[in-house]
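2 protein chains.
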Amino acid sequence: MAADEKNAEEIFKEFKEQSITQFFRKNSQMLGYSGKVRSLTTVIHEYVANSLDACEEAGVFPDISVEVKEISESRHHVTVTDNGPGIPQKHIGKALASILSGTKFHRYLQQRGQQGIGAGGCTLFSAITTGKPIHARSGTGKGSSFECDIAIDIKTNKPLITNMKTVLEDFRGTSVSGEFGDTKYERSDHGVFEYIKRTALSNPHASIRLVEPDGKETVFPRSVNEMPKRPKQTKPHPLGISARDLLDFAHIADSKNVSSFLMESFSRVSAAKIDELKAVADGVNFDKRPRELTWPDAEKVVEAFGKIKWIAPETDSLSVIGAKQMETAMLNIINPQFISVTERKPKIFKGGIPFVVEAGIAYGGDAGKKTEEGTKGTIMRFANKVPLLFDGSVCAITEAVNQIQWKRYGIRDFGDEPISVFVNISSVYIPYNGIGKQAVSQEAEIIEELKLGIMECARKLQIHINKQRSMHVRESRYKTIMRYIGQLSADLSEITGEEPVKIEESLKKIVENKYDMGNDTADEEESDADTGLLEESD
Amino acid sequence: MAADEKNAEEIFKEFKEQSITQFFRKNSQMLGYSGKVRSLTTVIHEYVANSLDACEEAGVFPDISVEVKEISESRHHVTVTDNGPGIPQKHIGKALASILSGTKFHRYLQQRGQQGIGAGGCTLFSAITTGKPIHARSGTGKGSSFECDIAIDIKTNKPLITNMKTVLEDFRGTSVSGEFGDTKYERSDHGVFEYIKRTALSNPHASIRLVEPDGKETVFPRSVNEMPKRPKQTKPHPLGISARDLLDFAHIADSKNVSSFLMESFSRVSAAKIDELKAVADGVNFDKRPRELTWPDAEKVVEAFGKIKWIAPETDSLSVIGAKQMETAMLNIINPQFISVTERKPKIFKGGIPFVVEAGIAYGGDAGKKTEEGTKGTIMRFANKVPLLFDGSVCAITEAVNQIQWKRYGIRDFGDEPISVFVNISSVYIPYNGIGKQAVSQEAEIIEELKLGIMECARKLQIHINKQRSMHVRESRYKTIMRYIGQLSADLSEITGEEPVKIEESLKKIVENKYDMGNDTADEEESDADTGLLEESD
């Protein structure tokens with residue numbers, strides 16, 4: 323060993339472990355705290371998503387208030403208040419100031435939050451940029467409520483609660499406020515206003531009030547007086563389950579044998595299905611205890627899952643916006659010339675998890691994005707009804723839109739047309755590509771399903787565009803012919819001796835009949851929408 | 323409360339915590355395990371980066387061997403072997419099968435790894451997709467070595483070691499092998515071959531051998547016989563330090579007072595600087611114990627840091643590729659017509675952390691990327707000499723390239739020219755935008771510095787392009803004139819009576835003199851490179 327070489331013992335003297343909070347203390351950009359505008363939007367995003375989740379789980383119409391005040395140019399005070407079920411006093415600390423804990427991540431239940439990171443991340447970001455705790459108030463509406471300050475111990479990832487007070491006042495809901503530095507308020511595409519506007523678009527059952535730093539108050543009122551169907555906790559579907567998933571479930575199962583384990587742990591597995599599986603999964607003993615399942619056993623069972631027919635997954639675990647609600651919201655907010663929406667059937671993703679794609683296309687009117695160089699095509703991305711404003715370029719939704727050959731649908735250049743594509747993907751588990759949850763990972767099966775949804779709307783758009791175009795052609799032909807009818811009638815009158823007025827009238831009748839605007843056959847012939855789809859989905 | 327409402331107590335019965343391994347078990351795409359090709363490249367990337375780090379820290383020239391074997395179409399066996407210092411037996415488990423632990427993340431030392439996640443992530447990915455442990459062998463070259471199997475306990479984030487054996491054979495280094503499913507081997511832009519090729523490009527002091535699944539062996543030989551300067555552990559620079567950073571350091575410091583704490587904890591802080599700080603940081607008591615510093619104190623000290631002059635950060639904490647090495651490597655691998663490289667001076671990022679940008683532009687020859695539609699401009703991104711192959715669209719380096727007005731530098735359309743931009747950013751801490759470490763977060767100060775580096779090379783490129791273009795213009799003028807000289811000589815001969823051959827010769831001399839290719843004045847006049855830079859960097 324040369325004099326300046328270092329050996330393993332010396333190097334490994336430095337071996338250490340860090341807490342997840344220490345990790346995010348250094349890497350807060352991974353939580354979405356990168357750039358002043360984005361950081362502020364991230365705070366609002368985390369709190370508002372939690373409020374909507376809480377209200378939905380409790381079964382109440384959300385009334386949410388968001389207030390942003392400017393402390394200085396790059397420091398803001400944020401308060402988000404909801405009318406949800408509240409947070410019990412003994413849980414408030416961990417709920418708001420501990421990372422990787424919560425009520426959501428381990429349940430097969432569709433919610434906006436799914437990681438147990440969001441609110442703790444806000445508390446951490448406040449601590450990093452202002453050194454202050456956040457303030458929380460919560461009550462269940464039954465008598466008193468409480469309030470307190472909460473900080474996060476970065477080294478241990480544990481909450482530090484101070485100033486706990488009982489407030490002798492009826493209050494139902496949760497109000498969280500905090501001061502955040504390295505922030506900027508602006509009304510841009512990535513700012514708080516746009517975030518709230520899009521949240522209102524995808525949550526028409528919520529009423530959301532926003533007070534901006536200049537004092538301007540905007541209320542996005544509830545536009546649908548119907549609660550979205552509350553999602554039910556679900557079991558994973560056998561399709562999409564991997565050997566690892568199966569073993570993980572098996573090793574914590576109490577079931578007496580493999581057969582009952584499969585029936586109890588997965589949806590759509592009946593006694594009849596067990597018989598089918600037994601016939602296909604060669605050599606697997608279905609009578610042994612689930613804990614005794616080996617990796618090769620699990621691989622065989624998974625292979626057998628893929629060989630037999632299954633009923634589609636239950637849809638009641640999913641909470642979609644709904645085609646009608648989506649259409650109403652898009653009409654209200656975008657006011658387009660043409661609109662088309664679709665809600666697809668659930669598909670299965672890895673881990674046996676169903677997901678549903680909803681898509682909409684708005685065209686003409688105020689669709690697209692107005693810029694100095696004209697109107698540009700735009701994509702509005704949502705996951706579990708939460709708007710995604712950042713990292714579009716790595717998102718499966720953007721990729722799906724880009725992969726579509728828009729020319730086939732009458733859109734010559736997506737970037738240069740008055741078109742808005744609206745996509746919401748709903749699932750118990752959305753595979754985000756990062757902890758900041760701003761882009762859906764580009765998994766092939768998800769992109770494929772997104773494309774099918776968007777193309778379904780695009781076909782209807784194409785019919786509309788063709789109709790418009792052929793209407794335009796017919797109109798100009800009609801006008802040309804009508805212009806010559808006077809002369810023609812006079813000429814015919816000379817030949818036939820009939821009165822010119824009579825000839826003109828009957829000629830007009832013939833022309834009007836031919837160019838009747840109700841006649842659609844021309845479009846049908848021109849349309850190659852279906853062919854387009856078949857070729858693309860091959 | 324309505325019959326179907328749920329109260330907080332019911333909801334919070336579900337409150338739970340999860341380990342970081344459980345989190346990544348569900349979200350492995352966040353570690354880079356998304357898509358079959360990317361997943362395989364991620365495994366290679368983690369192991370190779372660790373090997374290079376280990377060799378560099380120990381001060382040995384890296385000899386690395388990477389073998390990929392196909393088990394089935396979507397399952398591969400990977401072995402990465404290095405000649406580094408080895409891993410002590412008592413640390414092997416945590417080093418390879420525990421997340422958020424390691425020798426790197428807590429030191430102010432530039433290394434490729436900085437999170438304590440990579441190798442543990444590979445072990446987890448192997449467990450998820452194959453149910454198998456990884457296999458490791460390590461030795462310090464002093465007598466025996468050992469080997470064992472290592473798995474990761476997902477619930478507790480602890481290593482599980484089995485089959486530990488002492489091998490009575492001299493072996494110095496570490497060899498890790500494992501089986502990984504949901505993988506695909508291909509020679510694409512995102513595949514293992516490209517990753518290794520680029521690693522060789524940015525680490526000319528390493529010898530890397532790759533054996534592909536078809537048995538093909540490629541050796542990228544050491545092209546520089548000089549060890550890169552070993553980076554020194556450093557202290558943060560006062561510039562870029564936030565109040566939070568200062569307090570975090572203060573609260574763990576043993577120094578007897580604030581003055582000595584500042585001198586001991588940060589670089590470039592001398593007794594003279596303390597006097598300057600005291601004069602500016604109004605009301606801060608520099609004699610109290612560092613633990614007694616308050617947030618307002620810290621804010622004042624940070625403000626004072628910004629008001630006084632500092633010597634630039636020490637560069638010996640940074641390990642760059644080196645302009646000469648970069649040029650050699652680019653010439654070898656890209657073989658361009660023109661090349662220009664630059665190594666910038668260190669700048670300071672958040673947290674007082676210095677970083678250095680190295681940039682290079684290759685033009686013509688094999689620069690750019692050959693496609694069916696012609697040669698396209700291409701960006702080769704590196705962070706701490708590690709190639710970044712994914713998520714380019716959200717990377718600060720790509721953003722910097724896109725923000726440059728290439729037309730000013732003679733490049734009409736970056737996408738359509740034979741140009742390769744090569745950028746390496748070196749720092750103790752690279753702010754990646756995700757845990758998969760494939761893109762540098764788009765922080766304004768980093769993008770700015772990246773642009774300055776690239777534009778420095780672009781100015782030289784512009785001079786080259788202008789020279790080429792005016793050379794081309796002169797050449798065609800020369801040819802045109804030469805074409806008419808015969809006729810002109812005959813005409814002049816008739817008028818003057820001089821012999822046509824003599825006239826032709828002297829005319830040729832005049833023309834050749836005028837169009838001498840060594841004459842450069844024309845370019846100088848045409849170039850507006852400097853103006854371009856000033857306008858852009860405003």
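Which chain is which? The protein sequence lines are P and B, in order.
Residues in the first sequence are numbered from 323 upward in steps of one, following this note's numbering.
Residues in the second sequence are numbered from 323 upward in steps of one, following this note's numbering.
We treat Cβ as the ideally placed atom computed from N, Cα and C, and that holds for glycine.
- Within the same chain, Cβ atoms closer than 7 Å to the Cβ of Arg494 of chain P are found at Asn405, Gly408, Gly461, Thr462, Gly463, the five residues on either side in sequence being excluded.
- Unbroken alpha helix (DSSP H) stretches of 4 residues or longer found wholly inside the region 534 to 617 of chain B: 565 to 572, 580 to 587, 593 to 602, given in chain order.
- Excluding five sequence positions before and after Glu621 of chain P, the CB atoms of its chain that fall closer than 6 Å to its own CB belong to Ala565, given in chain order.
- At a cut-off of 8 Å, the C-beta of Phe588 of chain B has no neighbouring C-beta in chain P.
- With a minimum length of 3 residues, the unbroken runs of beta strand (DSSP E) contained wholly in the region 483 to 518 of chain P fall at 494 to 503.
- Interface with chain P (8 Å Cβ-Cβ cutoff): Leu422 of chain B is included.
- Here DSSP, grouped into helix, strand and coil, assigns Ala681 of chain P to strand.
- Less than 8 Å divides the Cβ of Tyr507 of chain P from the Cβ of Val390 of chain P.
- Within chain P, the residues whose beta carbon sits less than 7 Å from that of Gln351 of chain B are Pro753, Asn755, Ser763, listed in sequence order.
- If you draw a straight line from the Cα of Lys412 of chain P to the Cα of Asn479 of chain P, it comes to about 17 Å.
- At a cut-off of 8 Å between beta-carbon atoms, Ala441 of chain B makes no contact with chain P.
- Look at Leu772 of chain B: its C-beta is not under 8 Å from any C-beta on chain P.
- In the structure shown, Asn746 of chain P falls within a strand segment according to DSSP collapsed to helix, strand and coil.
- With the criterion set as a beta carbon lying under 7 Å from some beta carbon of chain P, the members of the region 455 to 469 of chain B are Thr462, in sequence order.
- For the region 397 to 409 of chain P, the residues whose beta carbon sits under 7 Å from a beta carbon of chain B are, in order, Pro407, Gly408, Ile409.
- In this structure, Val359 of chain B sits near Ser510 of chain B, with a CB-CB distance shorter than 8 Å.
- Within the same chain, and ignoring the five residues on either side of Ser815 of chain P in sequence, the residues whose Cβ sits closer than 7 Å to its Cβ are Glu821, Pro822, Ile825.
- Look at Phe345 of chain P: its C-beta is under 8 Å from a C-beta on chain B.
- Exclusion of the five residues before and after Asn654 of chain P leaves Ser545 as the residues of its chain whose Cβ lies within less than 8 Å of its Cβ.
- Neighbours of His573 of chain P in chain B, taken as residues whose beta carbon is under 9 Å from its own, are absent, since the nearest beta carbon is some 10 Å off.
- By a beta-carbon distance limit of 8 Å, Ser581 of chain B contacts Ile596 of chain B. Their separation comes to about 5 Å.
- Listed along chain P, the residues sitting closer than 8 Å to Leu569 of chain B by beta-carbon distance are Gly453.
- Residue pairing of Gly644 of chain B in beta bridges, as defined by DSSP: absent, with no partner found.
- Contact with chain B is found for His428 of chain P, since one of that chain's Cβ atoms lies less than 8 Å from the residue's Cβ.
- When rounded, the separation of the alpha-carbon atoms in Gly687 of chain B and Glu649 of chain B is 15 Å.
- In the structure shown, the three-state DSSP call for Leu710 of chain P is strand.
- Within the same chain, Cβ atoms closer than 8 Å to the Cβ of Val382 of chain B are found at Asn405, Gly406, Pro407, the five residues on either side in sequence being excluded.
- For chain P, the residues of the region 607 to 637 of chain B that bring a beta carbon within less than 8 Å of one of its beta carbons are Trp617, Ala620, in chain order.
- It is roughly 7 Å from the alpha-carbon of His512 of chain P to the alpha-carbon of Thr363 of chain P.
- Per DSSP, the beta-bridge partners of Val388 of chain B are B:Val402, B:Leu532.
- The shortest CA-to-CA distance from Ile386 of chain P to any of P:Gln727, P:Val533, P:Thr556 is the one to P:Val533.
- The distance from the Cβ of Phe447 of chain B to that of Gln437 of chain B is about 15 Å, inconsistent with a contact at the 8 Å cut-off.
- When DSSP reads this structure, Phe704 of chain P sits in a beta bridge with P:Pro709, P:Asn746.
- By the 16-neighbour rule on beta-carbons within 10 angstroms, Thr488 of chain P is exposed.
- Shown here for Glu392 of chain B: same chain residues with a beta carbon closer than 7 Å to its own, the five before and five after excluded, namely His398, Tyr507, Pro535 in chain order.
- DSSP assignment within the region 334 to 389 of chain B yields the following whole alpha helix (DSSP H) runs of 4 residues or more, N-terminal first: 342 to 348, 358 to 380.
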